[in-house]
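Following: one structure in structure tokens, then a few remarks.
2 protein chains.
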Amino acid sequence: MARHSSGVMSQLQERILNFIRTYEADNGLPPTVREIQTGAGVSSTSMVSYHLKALETMGMLARRERSSRGLVLNDPHQASPRDIFSVPMVGVIVASAPAPTPDADALRSAEEYVYIAKSMVKTPGDLYALRVKGNSMIDALINDGDIVVMQKVNDINNGDLAAVRLMDRDETTLKRVFKEGKRLKLKPENPTMSPFYVDARRAEIQGRVMCVIRNA
Amino acid sequence: MARHSSGVMSQLQERILNFIRTYEADNGLPPTVREIQTGAGVSSTSMVSYHLKALETMGMLARRERSSRGLVLNDPHQASPRDIFSVPMVGVIVASAPAPTPDADALRSAEEYVYIAKSMVKTPGDLYALRVKGNSMIDALINDGDIVVMQKVNDINNGDLAAVRLMDRDETTLKRVFKEGKRLKLKPENPTMSPFYVDARRAEIQGRVMCVIRNA
DNA sequence: CTTGACATAGAACGCCTGTTCGTATACAAT
DNA sequence: ATTGTATACGAACAGGCGTTCTATGTCAAG
Chain A
312 MARHSSGVMS QLQERILNFI RTYEADNGLP PTVREIQTGA GVSSTSMVSY
362 HLKALETMGM LARRERSSRG LVLNDPHQAS PRDIFSVPMV GVIVASAPAP
412 TPDADALRSA EEYVYIAKSM VKTPGDLYAL RVKGNSMIDA LINDGDIVVM
462 QKVNDINNGD LAAVRLMDRD ETTLKRVFKE GKRLKLKPEN PTMSPFYVDA
512 RRAEIQGRVM CVIRNA
Chain B
312 MARHSSGVMS QLQERILNFI RTYEADNGLP PTVREIQTGA GVSSTSMVSY
362 HLKALETMGM LARRERSSRG LVLNDPHQAS PRDIFSVPMV GVIVASAPAP
412 TPDADALRSA EEYVYIAKSM VKTPGDLYAL RVKGNSMIDA LINDGDIVVM
462 QKVNDINNGD LAAVRLMDRD ETTLKRVFKE GKRLKLKPEN PTMSPFYVDA
512 RRAEIQGRVM CVIRNA
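Chains as they are written, first to last, in the numbering used here: chain A, 312 to 527; chain B, 312 to 527.
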């Protein structure tokens, strides 16, 4: 059998590929042929060129001719930065306090970020994340420690899941909201529970819930 | 006033920065000085060098001396691919069927991916994602359409949230699992509900829940 | 054994690329 | 008027870099 015919990588080729991956992760750009040579322990630049050509034929990477560092790995299930939203974590949501609605400064100064795929967000816009404290959101199927990704919106659409501050009870809650005249219908996300109604003037919409994330 | 002293970018510098961003997104690697020259409409390479140095001083980017394409943008809240896990979506979990536990092939051939930050995963390992169908997971605070990120594990630790197949009822459920002799204690994630017990031989652990994601 | 495909070494070629140098212009402060 | 700073241009240098060429080695198939 030919040693590595179609599609089977040699040890050296695997080493080269791994080196490129590591190098990119560490440096943010692809390596040169000579960096691959020393980094992956290849004896000459021509060998690197040779194997890169082979790897390209196998479809493991794409190359640009005569272009320095002109190689791009073909890792299909590798997230590209442009597919990802970085959502700043700006605070905590507890039932007994209004949820933060951050301004541009707070968004920039956030120290922690949640990453979510752009494909999971239907409508673009200013996103921010809150950590849920306590288990008062149980009827929205949200637990202590969960993260909710919120969107800053001026107004909500009927049926949006939103953070609502109920002034009479002095608490914030996450519910599906429907406008019905002067009342708001608040429907728990938990289908075993019944909706209830509040005076629209005694409730303040604080944001729209885009996504809930729980670590188990 | 000095025209652009500390920290304020000139139009040209902004154009250069934008070109670099676009170029990287399109090509997967940073541009050369001369590519910036033509791409951003700069008159000479020395001008590019000049402004890159200025941008570096401002902290907008980092440079590697004498290294081709040796520049890395400083976009703080930009996700880097190395911070992201791409989790393949391999199927659906419904109460009335065993949850898929994919092999290596299924993981590679997945067509949809969920991206989650590595910082959110405590223990590394083979991850895969399932979409939840129906609302039979309500007592685990999981709704129809939610995504659960699972980890392939051989054995679970006491207190892990796991997918358990109950043979007697012929259904799969997500519960916190504790081994108690020959029995398993299954504790709903919903604190208003009570735990219950099953014969360990009549229950099959199908995976460990790492994370739950819900789109609202 | 011969053949042919694959793998390897080393060196050289020539373009690519970052850098620098000399010169020049515009403008504000002195 | 002079000085200093920011900006700009074009050319040239030196080393970086991808590529290619020749010669050699290895191993399975015929």
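We put the CB at the ideal spot given by N, CA and C, even for glycine.
All values derive from a computational prediction rather than experimental measurement.
Next item on the list: Answer with yes or no whether the minimum CB distance from B:S505 to chain A is below 8 angstroms.
Entry: no
Item checked: the segment 396-416 of chain A contacting the segment 412-422 of chain B, beta-carbon criterion three pairs below 8 angstroms -> The answer is no - the segment 412-422 of chain B does not touch the segment 396-416 of chain A, with fewer than three Cβ pairs under 8 angstroms.
Next item on the list: Taking the CB atoms as reference points, tell me whether A:Y508 and A:R494 lie closer together than 8 angstroms.
Entry: With respect to A:R494, A:Y508 sits close: the two C-beta atoms are nearer than 8 angstroms.
Check: Any Cβ of chain B within less than 8 angstroms of the Cβ of A:V403?
Finding: Interface flag for A:V403 against chain B is unset, since no Cβ pair is found closer than 8 angstroms.
Note to self: Could you pull the DSSP bridge partners for A:Q462 from this structure?
What the structure shows: Bridge partners of A:Q462: A:L438, A:R519.
Checklist line | Bounding residues of the beta strand (DSSP E) (the contiguous stretch that carries A:T483) | finding: 482-491
Next item on the list: Out of B:D394, B:Y334, B:G381, point me to the one whose CA is closest to B:S430's CA.
Entry: Among B:D394, B:Y334, B:G381, the Cα nearest to that of B:S430 is on B:D394.
Next item on the list: Assign A:E500 to buried or exposed, taking buried as 16 or more other Cβ atoms, counted over all protein chains shown, within 10 Å of its Cβ.
Entry: buried
Note to self: Would you say A:E500 lies against chain B (beta-carbon separation less than 8 angstroms)?
What the structure shows: yes
Next item on the list: Check the C-beta distance from B:L372 over to B:V383 and give it rounded, since I have them as a contact under 8 angstroms.
Entry: 6 angstroms between Cβ atoms; contact.
Margin query: For the segment 461-476 of chain A against the segment 509-516 of chain A, do three or more pairs of beta-carbon atoms, one drawn from each stretch, fall closer than 8 angstroms, so that the two count as touching?
Written below: yes
Checklist line | Neighbour flag for B:G447 against chain A, beta carbons, 8 angstroms | finding: The amino acid at residue 447 of chain B is misidentified as Gly; the sequence shows Ser. Not one chain A Cβ lies under 8 angstroms of B:S447.
Next item on the list: Compute the distance between the beta-carbons of B:T356 and B:V344, then report whether it is under 8 angstroms.
Entry: yes
Margin query: A:V459 and A:V443 - do their beta-carbons sit closer together than 8 angstroms?
Written below: A contact, by the Cβ cut-off of 8 angstroms.
Check: Does the ligand HEM have even one heavy atom less than 7 angstroms from the beta-carbon of A:D457?
Finding: For the structure depicted, the ligand HEM is absent and the ligand set is empty, with no information on it obtainable.
Notebook entry, point to check: Mind pulling the beta strand (DSSP E) runs of 3 or more residues that sit fully within the segment 319-402 of chain A?
Noted result: 372-374, 382-384
Notebook entry, point to check: Under the rule that 16 or more other beta-carbon atoms within 10 Å means buried, what is B:S316, buried or exposed?
Noted result: The predicted model places B:S316 with a pLDDT of 44, which falls under 50 and marks its position as unreliable, so this point remains unresolved.
Notebook entry, point to check: How would you label A:D450, buried or exposed, when you count the other beta carbons within 10 angstroms and need 16 or more for buried?
Noted result: buried
Item checked: Which residues DSSP lists as bridging A:K498, in chain order -> A:R487
Check: Between A:V353 and A:L328, is the Cβ-Cβ spacing less than 8 angstroms?
Finding: no
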